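Right, one structure below, let's go through it.
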Amino acid sequence: MDTRIEHHARILVQWCTEVKKGDMVVISASPDAHDLAVAVTREVAKAGAASVVLMASEEITRALYDGADDETLKLYPRHQEAVIQACDVYLMLNAPVNTRALAAVDPKRVVTMSRTTQKISDIRLSKRWCLTVHPCRALAQQANMSLEEYQDFVYGATLIDWKVESKNLYAMKEHLEKHNDVRFVGPETDLIASTAGRIWVASDGKHNMPSGEVFTAPVDNSVEGKVYFDIPFLQQGKVIEGVRLKLSKGEVVDYSAEKGQETLKSIIETDPGSRRIGEMAIGTNRGIKQYTLNMLFDEKIGQTIHCALGNAYKECNGTNHSAVHVDMVKSMVQGEVIAGNEKVYSKGRYFYEQKSSS
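Residue numbers (the working numbering): 10 to 367.
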């Protein structure tokens, strides 16, 4: 086995979820993530915890949509809830065989399923959980890389000193929390929001691996301005590009997409909360140097910001509720992030980098 897989597994078990003796661990793995599932199972056992491995794939999800009528999509899977309720740790090892398996599914049916399982998603988020990617051919192809290049890309972003990264991210968090607002300024973008009473979260690998972002939930009715997201993203199996949003009193009042307009419309019209921004964030992982149409990586790209339409995280003291949470990313190579009257990111450098060089 590639020693990088074993290193990845140790990070997931020891750093990300801090598995301890007696823990009940659920490992949800794609078939192509088999080697990582083996390594994680071994590390969980070494920690004195019990594990169960569940198989998941885009093809399985597609089969559900193909076979179910609208009424079946509303059937609450209480047995799935029981599994999530019973575990202490939930690990998701993603390595899809086909990243477009859901492309032809009616977005309205996806929304129906999201609403049905929202309670289960909320329960899972209350656990020690982490989502990661195991390098596979489908994701390599999506990223326009060979498998070997993609392996180097993934491990370059993942197998780093997370204690050092954590220190930097918490420095950024503390600086942002000294202020009651945040403003993103860049090409076709000037977006400001109140963060009074909110918490900035330093995402240092405890829920996503790789990680590298600082995020918060803006005050619901405070977001004002416009933003242009220039990095393409994948949603419901479809690519969306060039999203422009205009917001007033916290709500999207105008929107467009250069590609994927109908999918964007279905997202925004999901429910009242999907018209609001539930997350504002700063990406900081300099090991991620290009977008790959995989939001686990793309939202962490160094020198970017991202916003999510929809549900806000409770850990940020967020109050916006929605069945969706859809991230959109913008390059800030030519941008600035301002909190109060201070620039926490400017000219390609973060606050903690500016501080260390002064």
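No residue lacks a Cβ here, since even glycine has one placed at the ideal position from N, Cα and C.
Every value quoted in this text rests on a predicted model; they were computed, and no experiment measured them.
Practice item. May I have the straight-line CA-CA distance separating K215 from K235, to the nearest angstrom? Key: 31 Å
Review point. Nearest CA to the CA of T70: which residue from V61, L111, D307?
Key: L111
Practice item. Kindly provide the ranges of any beta strand (DSSP E) runs that are 3 or more residues long and lie completely inside the segment 90-166, ordered along the chain. Key: 98-103, 137-142
Review point. Between I347 and the rest of its own chain, which residues show a CB-CB distance below 6 Å, the 5 nearest in sequence each way excluded?
Key: R192
Exercise for review: Spell out the partners DSSP gives E260 in its beta bridges.
Suggested key: S257, R285
Review point. To which residues of the same chain is L156 closer than 8 Å at the C-beta, ignoring the five residues directly before and after it?
Key: P144, C145, R146, A149
Review point. Between which two residues does the alpha helix (DSSP H) carrying V49 extend?
Key: 43-55
Review point. Can you round the beta-carbon distance between V342 and I286 to whole angstroms, since I take them to be within the 8 Å contact cut?
Key: That pair is no contact at about 22 Å.
Practice item. Please name the residue, chosen from P86, S265, L168, T272, that lies closest to G246 on a Cα-to-Cα basis. Key: T272
Practice item. Go ahead and pull the three-state DSSP assignment for M10. Key: coil
Check your understanding: Excluding five sequence neighbours on each side, which residues of the same chain lie with their C-beta closer than 7 Å to the C-beta of S123?
Key -> A332, V333
Review point. Considering only residues of the same chain and omitting the five flanking positions on each side of H330, which have a CB-CB separation below 7 Å?
Key: G282, N320
Review point. Among G296, E267, T26, I240, which one has its Cα closest to the Cα of S135?
Key: T26
Point to revise | Stretch pair the segment 308-325 + the segment 217-231: three plus CB contacts closer than 8 Å | key: yes
Check your understanding: Does the segment 285-302 come within contact of the segment 114-134, defined as at least 3 CB pairs closer than 8 Å?
Key -> no
Check your understanding: Taking the alpha-carbon positions, what's the R295 to F162 distance?
Key -> 11 Å
Review point. Buried or exposed: where does S39 fall if 16 or more other Cβ atoms within 10 Å of its Cβ makes it buried?
Key: buried
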